[in-house]
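Asker: Numbering (our numbering), first residue to last: 2 to 133.
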Amino acid sequence: MQEKRIANLTADINKKNRESRKLHEIIIQSGQDEAGISDEAVIKGFVELNYGILRMVKKHFASNGAKSKWRQYNSLRADDREYWLRARIADKIYDHLFGPAVMLFGLSPEREKHQMELEKKLKERKGEYPRT
């Protein structure tokens with residue numbers, strides 16, 4: 002009788018271990034399927050942006066030979082003008098996306114300020130929500 006009970010318990014343990022392994026595999030697979038962005042995708046995006054800027058400069062600016070209103074541009078050698086334009090365009094894109102006047106996460110500057118203050122208090126209190 003006791004041997005039969007031990008055999009049943011052993012079978013139950015084996016069954017639970019198999020179920021646990023299946024659940025573990027499901028958890029691992031679901032974690033792998035998350036739509037996280039990889040470093041390679043970010044690098045590829047910046048390479049494509051750089052190429053897009055280069056194409057725009059060549060198409061609209063560098064090839065027409067017109068005098069520019071920028072004195073610095075006009076004083077550069079022809080070979081360096083393309084690089085100067087690319088840098089200027091990249092700076093404008095950066096300012097548009099990350100400049101001080103850009104609303105982060107869609108928050109107004111006032112709300113952004115309050116969000117930063119809350120995060121600072123949370124760090125000071127090691128994650129404990131500040132009481133008012």
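Glycine is no exception: its CB is placed at the ideal position from the N, C-alpha and C atoms.
1) Does the count of Cβ pairs from the stretch 45-60 and the stretch 68-80 closer than 8 Å reach three?
2) Would you identify the three-state DSSP class for Gly46, choosing helix, strand or coil?
3) For the alpha helix (DSSP H) that contains Trp85, what are its first and last residues?
4) Would a C-beta distance cut-off of 9 Å place Leu98 and Val58 closer than the cut-off?
5) Which first and last residues belong to the alpha helix (DSSP H) in which Arg72 is found?
6) Would you call the CB atoms of Arg82 and Tyr95 closer than 9 Å?
7) Measuring straight from C-alpha to C-alpha, what distance separates Lys124 and Lys114?
8) Using the three-state DSSP reduction, which class does Met2 fall into: helix, strand or coil?
9) Excluding sequence positions up to five away, which residues of its chain have a Cβ less than 6 Å from the Cβ of His61?
10) Have a look at Lys121 and Val43 and give me their C-alpha separation to the nearest angstrom.
Answerer: In short:
1) no
2) Here residue 46 refers to the residue found at position 45 when the sequence shown is read from its first residue. In the structure shown, Gly46 sits in a helix (DSSP, three-state: H, G or I).
3) As a first step, residue 85 is located in the sequence shown; it is residue number 84 there, counting from the start. Unbroken alpha helix (DSSP H) run through Trp85: 79-99.
4) Taking the first residue of the sequence shown as 1, we reach residue 98 at position 97. Taking the first residue of the sequence shown as 1, we reach residue 58 at position 57. Contact: no.
5) Indexing the sequence shown from 1 puts residue 72 at position 71. It spans 72-76 - the alpha helix (DSSP H) in which Arg72 sits, taken as one unbroken run.
6) The residue given as residue 82 occupies position 81 in the sequence shown. The residue given as residue 95 occupies position 94 in the sequence shown. Contact flag unset, no.
7) Locating residue 124 in the sequence shown gives position 123, where the first residue counts as 1. Locating residue 114 in the sequence shown gives position 113, where the first residue counts as 1. The alpha-carbon atoms of Lys124 and Lys114 are separated by roughly 15 Å.
8) Looking up residue 2 in the sequence shown gives position 1. Reduced to three states, the DSSP call for Met2 is coil.
9) Position 60 of the sequence shown, counted from the first residue, corresponds to residue 61. Taken in chain order, the list of residues that qualify is empty.
10) The count along the sequence shown starts at 1 and reaches residue 121 at position 120. The count along the sequence shown starts at 1 and reaches residue 43 at position 42. Each residue's Cα considered, the two are about 29 Å apart.
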